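Under the working numbering, the first residue of the sequence shown is numbered 38, with each subsequent residue one higher.
All C-beta atoms in this analysis are idealised placements derived from N, C-alpha and C, irrespective of residue type, glycine included.
Remember, it's a predicted structure, so these values are computed and weren't measured experimentally.
A quick write-up on the structure given underneath.
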Amino acid sequence: MVSSFFIAVVAILWVTFDTTVTSQSSFLELEALLKTGWWNNTNLNMSSSCNWLGIACDEGGSVTKIDLRDNELKGSIPPEIGNFSKLTRLDLSYNYVSGELPISLARLTQLKELLLSNNHITGSIPLEI
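Written as structure tokens, this is what we have:
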């Protein structure tokens with residue numbers, strides 16, 4: 038028979054592991070958002086990007102939508118964009134985004150909408166996508 042102590046230890050380890058994975062995922066997402074340079078870092082809540090302009094998150098705090106249409110964004114899409122494992126919508130249309138599409142977009146397996154029209158994106162769509 039399995040003891041109550043063993044079950045409690047397993048439950049604690051599971052919660053700790055789940056929290057660590059979620060925290061690591063959230064950190065990678067926050068890092069990716071900051072690397073874009075698309076937000077003014079002085080006015081941001083660094084503990085949660087879920088309150089940032091154009092960001093929507095699920096109940097677990099993972100970014101599910103980035104809607105930054107017509108925000109005069111400049112620069113390229115960073116390769117870290119692939120860190121958003123639960124992203125379903127990415128709208129960067131009507132901006133000044135330039136450069137090639139990063140291959141890391143292929144890691145966005147939950148992505149349903151990719152809106153990039155009216156930018157300065159060059160090159161072809163990577164085959165991996």
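Item	Value
DSSP bridge partner residues for glycine 136 (one or two, in chain order)	Ile158
Contact check, lysine 133 vs aspartate 107, beta carbons under 7 Å	At residue 133 the sequence reads tyrosine, which differs from the lysine that was named. Taking 7 Å as the Cβ cut-off, tyrosine 133 and aspartate 107 do not qualify as a contacting pair.
8 Å Cβ shell around leucine 148 - same chain, five flanking residues per side excluded	Leu124, Thr125, Arg126, Leu127 and Leu142
Simplified DSSP assignment, three categories, for glutamate 66	helix
Reduced DSSP category for leucine 142 - H, G, I as helix; E, B as strand; rest coil	helix
Whether isoleucine 92 touches serine 99 by CB criterion (7 Å)	no
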